[in-house]
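Asker: I'd like to ask some things about the structure below.
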């Protein structure tokens, strides 16, 4: 039986899982439990795109050349510096008879597992991409294993909009789970203290969804923290947060002051959604004793978080943001449909790309 | 008023917290809310010492020279590659009149905040250290800020034994907190399923304490996973775990098979205490849906954990092991005093150093 987690596609080093592999076998022939997708678009992880963009000083041709080189060398799109990938959209071309994913040929799908573990072959040299945006038009093949996740794209939404939401759909689901735990515990204890939530990077994709999710889960007061005036105005206009604060998340003192002022106390739950390094200490300092920090940014440093909390004698729970929570795709698409503020930010973002 | 978190000691870059700083001001004059410690011993973080040891191919003189160079350049002992530090033992030499730590001149203490944020000056060139062990005899000065933690060394225990326990005392405290949450939730739900706990690296310092903590918190079945026969025999002999399994934690399939076999099911809580990179995927794969992985190793990769869980469609909660939990020092020293198995492993380890 072929490995449900794709071990048979690992070329080197031997014995690791596909995400940890340096190189995968991306040949198009599928095993009975696999599915082959005809790719139409890649969506690069924000941290990965930013690293490539900065490395090449905004030269789109050089960014495109490096993405082609990575995929050709590794059989997958995994940025060797950030370690991150992204996701893709495409059409089911062939579904093995023993695949448990329930997909049918011709269905248009988005993959909800990372590109870092998805065998990928690019056929068109990315000729339709200018290297200047995370959204990459692409003709090629990708392979899904038995234990993968793919969402059939909803008919009522623009596929690019669905893709942008699905790319970050783990964040609102986990935020809702964490916030509702605080709400339930306070209710159970008869404690009337409001549950306070701060979302760092609140105007971005995962940030705006997380703000909406926190409110839905029962947060009594929320603040979205953003780095620039344009984002402050945009987030204020859509009304997704009770307060919007301007602060550099890399400056621990400025960040914690901004959050504590806006919420009139430190946050019970702080959600980090900004893709720049160095936000760990500020997030810890902005969080109340007994609170939780959820790190969704791939730029998070494990050591900085662990040692930062210890060094500040901060009794906070720190979560590695897991991109998978059961029902995450439906929950995020539901927020997009029901929250005009979320939809407005996503559509503005896509229009600007 | 001088900063309680030591901002006034940061030399470069400006505006960051001491742990994130490249260089600290380690001058011996203290502010009214600081404490100066006369250092007698450093205890390097295991991941840091291993990196230095491997880089210099086991040349103790070269390891010593690099430690001296780091402390001289940075004003603190923070390994530039691993980002980690360690802790120290010493005697209170001067306590500022506004220090809230409650320390008195002459008390023998261990610092429970990391060396990565502790201003440090070495005076003796580490002349008494051969560079071949994590325990570093040292004459020098260190500075504690207002928001620091230091434990007065207990009179009934060998100081080296106390230091070894205090160095990892966050692990058993957090393990106990996480395990007891599962025990309480199952009781509340009337669910008789036993709570299963796996500790990867169960024969080590944080591992053996975590096994004892898990059992005390109500774990019904525990397994300690170790990489070599000698550790298997040692851990089996002291009886701290219900089962002991031999597996390479970097091999996800081998690790998850070992855990699942020993516990007769995946673990509800998996605690990672081994200081080698690449254990994230195996830990996730060894953990049940709805379970929790606690990462205590500084060699943990944030991206590997986040993307690994997503790629495996694993609904697991992943915690960044925070070295600070209120009461952690007393709890860990209590385990050492009351669990002969823990004490035996610690004493054997110190004797071998």
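Protein chains in written order, with the numbering used here: chain A, 48 to 400; chain B, 48 to 400.
Note that CB positions come from ideal geometry on N, CA and C, so glycine has one too.
All figures in this text were calculated on a predicted structure; none of them were measured in a lab.
In the DSSP assignment, the alpha helix (DSSP H) including residue 304(A) goes from what residue to what residue?
Answerer: 299-310
Asker: Thinking C-alpha only, which one of 150(A), 229(A), 180(A), 72(A) is nearest residue 262(A)?
Answerer: 229(A)
Asker: Given a cut-off of 7 Å, decide if residue 349(B) and residue 349(A) are closer than it, judged by their beta-carbon atoms.
Answerer: yes
Asker: Any Cβ of chain A within less than 7 Å of the Cβ of residue 190(B)?
Answerer: No, its Cβ sits nowhere closer than 7 Å to a Cβ of chain A.
Asker: Considering only residues of the same chain and omitting the five flanking positions on each side of residue 328(A), which have a CB-CB separation below 8 Å?
Answerer: 299, 351, 355, 359
Asker: Less than 7 Å between C-beta atoms, sequence neighbours within five positions excluded: which residues of the same chain meet that for residue 303(A)?
Answerer: 329, 332, 333
Asker: What residue range is occupied by the uninterrupted alpha helix (DSSP H) comprising residue 263(B)?
Answerer: Note, residue 263(B): alpha helix (DSSP H), 252-263.
Asker: Tell me residue 377(A)'s beta-bridge partners as DSSP assigns them.
Answerer: In DSSP, residue 377(A) forms no bridge with anything.
Asker: Classify residue 56(A) as buried or exposed, calling it buried when 16 or more other Cβ atoms lie within 10 Å of its own Cβ.
Answerer: Buried is the call here.
Asker: Judging by CA-CA distance, which residue of 54(B), 153(B), 293(B), 339(B) is the nearest neighbour of residue 272(B)?
Answerer: Nearest option by C-alpha distance: 293(B).
Asker: Out of curiosity, what's the CA-to-CA distance linking residue 366(A) and residue 340(B)?
Answerer: Distance between residue 366(A) and residue 340(B), taken at the CA atoms: about 10 Å.
Asker: Could you check what DSSP says for residue 101(A) in three-state terms: helix, strand or coil?
Answerer: The three-state secondary structure of residue 101(A), taken from DSSP, is helix.
Asker: Would you identify the three-state DSSP class for residue 359(B), choosing helix, strand or coil?
Answerer: coil
Asker: Which chain A residues sit within Cβ distance under 9 Å of residue 196(B)?
Answerer: Close partners of residue 196(B) in chain A (Cβ separation under 9 Å): 357, 360.
Asker: Please list the terminal residues of the continuous alpha helix (DSSP H) segment that includes residue 393(B).
Answerer: 387-399
Asker: Helix, strand or coil: how does DSSP classify residue 342(B) here?
Answerer: Strand at residue 342(B).
Asker: Which term fits residue 119(A), buried or exposed, when burial requires 16 or more other beta carbons within 10 angstroms of its beta carbon?
Answerer: exposed
Asker: Identify the contact partners of residue 348(A) in chain B, using a Cβ-Cβ distance below 8 Å as the criterion.
Answerer: 130, 349
Asker: Measuring CB to CB, does residue 132(B) end up less than 7 Å from residue 125(B)?
Answerer: yes
Asker: Going by DSSP, name the residue or residues bridged to residue 169(A).
Answerer: 187(A)
Asker: Whole angstroms is fine: what's the gap from residue 147(B)'s alpha carbon to residue 380(A)'s?
Answerer: 50 Å
Asker: Could you tell me whether the segment 241-261 of chain B touches the segment 307-320 of chain B, where touching means 3 or more Cβ pairs closer than 8 Å?
Answerer: The segment 241-261 of chain B, when compared against the segment 307-320 of chain B, does touch it at the 8 Å Cβ threshold.
Asker: I want to verify the contact list: residues of chain B whose CB lies under 8 Å from the CB of residue 160(A), in sequence order.
Answerer: 357, 358, 360
Asker: Could you tell me if residue 211(A) is buried or exposed, where buried requires 16 or more neighbouring beta carbons within 10 angstroms of its beta carbon?
Answerer: buried
Asker: If I'm right that residue 403(B) touches residue 94(B) with Cβ under 8 Å, what's the distance once you round it to whole angstroms?
Answerer: This structure does not reach residue 403(B), given that chain B is present from 48 up to 400, and the question cannot be answered.
Asker: Count the other CB atoms within 10 Å of the CB of residue 16(A); is the residue buried (16 or more) or exposed (fewer)?
Answerer: Nothing can be reported for residue 16(A), as the shown portion of chain A is limited to 48 through 400.
Asker: Could you please give the first and the last residue of the uninterrupted alpha helix (DSSP H) stretch that includes residue 280(B)?
Answerer: Membership of residue 280(B) in the alpha helix (DSSP H) is indicated by the continuous run 276-285.
Asker: Can you tell which of 160(B), 301(B), 61(B), 142(B) has the C-alpha that lies nearest to the C-alpha of residue 152(B)?
Answerer: 142(B)
Asker: Beta-carbon within less than 6 Å of residue 103(B)'s beta-carbon, same chain only, minus the 5 sequence neighbours each way: which residues are those?
Answerer: 109, 110
Asker: Measuring CB to CB, does residue 279(B) end up less than 7 Å from residue 270(B)?
Answerer: No.
Asker: Among 66(B), 193(B), 277(B), 202(B), which one has its Cα closest to the Cα of residue 162(B)?
Answerer: The shortest Cα separation from residue 162(B) among 66(B), 193(B), 277(B), 202(B) belongs to 66(B).
Asker: Give me whichever residues DSSP pairs with residue 24(A) in a beta bridge.
Answerer: Here chain A covers residues 48 to 400 and nothing more, so residue 24(A) does not appear.
Asker: Please decide whether residue 322(A) counts as near chain B, where near means a Cβ-Cβ distance under 7 Å.
Answerer: no
Asker: Answer with buried or exposed for residue 193(A), where buried requires no fewer than 16 other C-beta atoms within 10 angstroms of its C-beta.
Answerer: buried
Asker: Who are the near neighbours of residue 98(B) in its chain, counting only those whose CB is closer than 8 Å to its CB and skipping five residues on each side?
Answerer: 126, 128, 129
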